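Numbering (my numbering), first residue to last: 78 to 363. Below you'll find the structure, written out as structure tokens, and then a few comments.
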Amino acid sequence: MSLRNSTIVGKLTAGSAWRHDFDTCRSAVRCAVVLSLLNVGANAATPVQDWQPTTQITAVAEQFLRDRIGPAARRTAVRAGALDSRHRLALCSQPLQPFLRRGSKISARTIVGVRCSGEKSWKVYVPVDVIVTDSVLVASRTLPRGHLLSEDDLVTEQRDVSRLVSGYISNSRDLIGQRLKTQLIAGRILTPAMLQADVAVSRGQTVTLTIRIGGIDIQMSGKALMDGAISQRIRVENTNSGRVVEGIVRSREHVEVLVAGSKQFFHAKPKVSPRVADIRSSNNDR
């Protein structure tokens with residue numbers, strides 16, 4: 078009985094091993110078939126690239142603007158915005174052609190067109206930022222409204238000025254006699270709109286008029302007919318002759334008279350007082 082049981086157990090054991098080998102073999106074949114099908118599917122889902130890389134399109138747009146800007150590009154950066162990577166534009170059989178739309182001008186944000194004239198033509202527009210840097214004056218500290226500016230109040234820095242529609246100032250000499258219309262925060266760029274000329278000469282004030290003729294300065298007494306700041310053009314009256322002329326305010330007491338023509342003072346036939354009419358000369362009207 079024991080021997081017979083052992084024989085049965087052995088056959089069953091051998092049968093189990095045979096079934097395991099068969100199942101293993103069958104699984105291996107099945108896996109090979111599945112993997113083969115997967116590889117075929119992957120190859121079918123990844124066709125050969127036949128569309129234009131968006132990076133090439135943006136590079137063409139950037140170079141186009143660099144060429145148009147010319148020598149100024151040394152302080153100008155040109156950066157094209159990234160196109161949607163989902164764009165499927167046919168691979169162009171001809172060189173890409175960049176262009177600007179009619180009436181367009183190069184500005185801080187410029188739209189550049191790029192077209193393909195190949196067998197499968199297309200056209201796309203690329204936004205390009207033009208970043209211009211320049212030396213500008215910025216506040217070294219917070220300055221209150223009405224503050225009379227001096228060179229110590231400002232420092233020079235390199236900043237992006239491409240979007241400063243109100244302008245900027247690079248030379249501190251342009252600030253002589255200028256006051257702030259508004260508070261200026263430390264680090265902020267100073268613009269012309271923030272400035273108000275400080276009145277140096279008031280209307281009705283007695284001033285010294287100066288005229289330069291042949292390298293000689295001739296001075297006379299005058300009266301300001303309007304308020305004026307340093308370097309501002311105002312109307313003044315020659316006290317002796319009563320003639321009204323224009324001049325440039327040079328200080329709080331000095332106005333440089335503008336010469337009409339190369340050697341004429343007030344006009345071609347200056348008015349002179351009777352007492353000097355005979356000698357055709359006057360210290361006041363010449």
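All residues carry an ideal CB built from backbone N, CA and C; glycine is no exception. These numbers come from a predicted model, not from an experiment.
Proximity winner among the options, relative to residue i (alpha-carbon distances)
{"i": "threonine 131", "options": "Val326, Gly195, Leu166 and Thr153", "result": "Leu166"}
{"i": "glycine 305", "options": "Cys169, Thr259, Ile288 and Gly324", "result": "Gly324"}
{"i": "valine 238", "options": "Ile208, Ile183, Gln309 and Leu261", "result": "Ile208"}
{"i": "serine 318", "options": "Ser328, Lys300 and Val332", "result": "Lys300"}
{"i": "glutamine 171", "options": "Arg310, Arg236 and Gln129", "result": "Gln129"}
{"i": "threonine 210", "options": "Gly147, Ser181, Gly180 and Leu241", "result": "Leu241"}
{"i": "aspartate 275", "options": "Ile288, Arg320, Arg236 and Ser328", "result": "Ser328"}
Rounded C-alpha distance that separates residue i from residue j
{"i": "glutamate 196", "j": "valine 155", "result": "31 Å"}
{"i": "aspartate 294", "j": "aspartate 206", "result": "53 Å"}
{"i": "valine 137", "j": "leucine 173", "result": "7 Å"}
{"i": "serine 162", "j": "valine 189", "result": "18 Å"}
{"i": "serine 298", "j": "threonine 259", "result": "37 Å"}
{"i": "leucine 225", "j": "valine 313", "result": "26 Å"}
{"i": "arginine 256", "j": "alanine 159", "result": "44 Å"}
{"i": "leucine 231", "j": "valine 336", "result": "36 Å"}
{"i": "serine 227", "j": "aspartate 251", "result": "10 Å"}
{"i": "lysine 182", "j": "isoleucine 307", "result": "37 Å"}
{"i": "isoleucine 146", "j": "serine 184", "result": "11 Å"}
Per-residue burial, residue i [other beta carbons within 10 Å of its own, 16 or more giving buried]
{"i": "methionine 303", "result": "exposed"}
{"i": "glutamate 330", "result": "exposed"}
{"i": "glutamate 139", "result": "buried"}
{"i": "proline 175", "result": "buried"}
{"i": "isoleucine 134", "result": "buried"}
{"i": "isoleucine 290", "result": "exposed"}
Three-state secondary structure (DSSP) of residue i
{"i": "methionine 303", "result": "coil"}
{"i": "valine 130", "result": "Strictly speaking, residue 130 in this sequence is proline, with valine absent from that position. Coil, per DSSP."}
{"i": "glutamate 314", "result": "strand"}
{"i": "isoleucine 246", "result": "coil"}
{"i": "glycine 158", "result": "coil"}
{"i": "isoleucine 146", "result": "helix"}
{"i": "aspartate 294", "result": "strand"}
{"i": "alanine 364", "result": "Missing from the structure shown is residue 364; the chain here goes from 78 to 363 and no further."}
CB contact check: residue i to chain B, cutoff 7 Å
{"i": "lysine 258", "result": "Here there is only one protein chain, and chain B is not present."}
### Task
Check whether the stretch 189-205 touches the stretch 220-238, counting contact only when three or more Cβ pairs, one atom from each stretch, lie closer than 8 Å.
Too few Cβ pairs lie closer than 8 Å, so no.
### Message
For the structure I just gave you, are there three or more beta carbon pairs, one from the stretch 280-293 and one from the stretch 242-254, closer than 8 Å?
### Response
The stretch 280-293 makes no contact with the stretch 242-254, as fewer than three CB pairs between them are under 8 Å.
### Message
Below 8 Å, how does it come out for the stretch 254-273 and the stretch 204-217: are there three or more Cβ pairs, yes or no?
### Response
Flag = yes, the stretch 254-273 and the stretch 204-217 touch.
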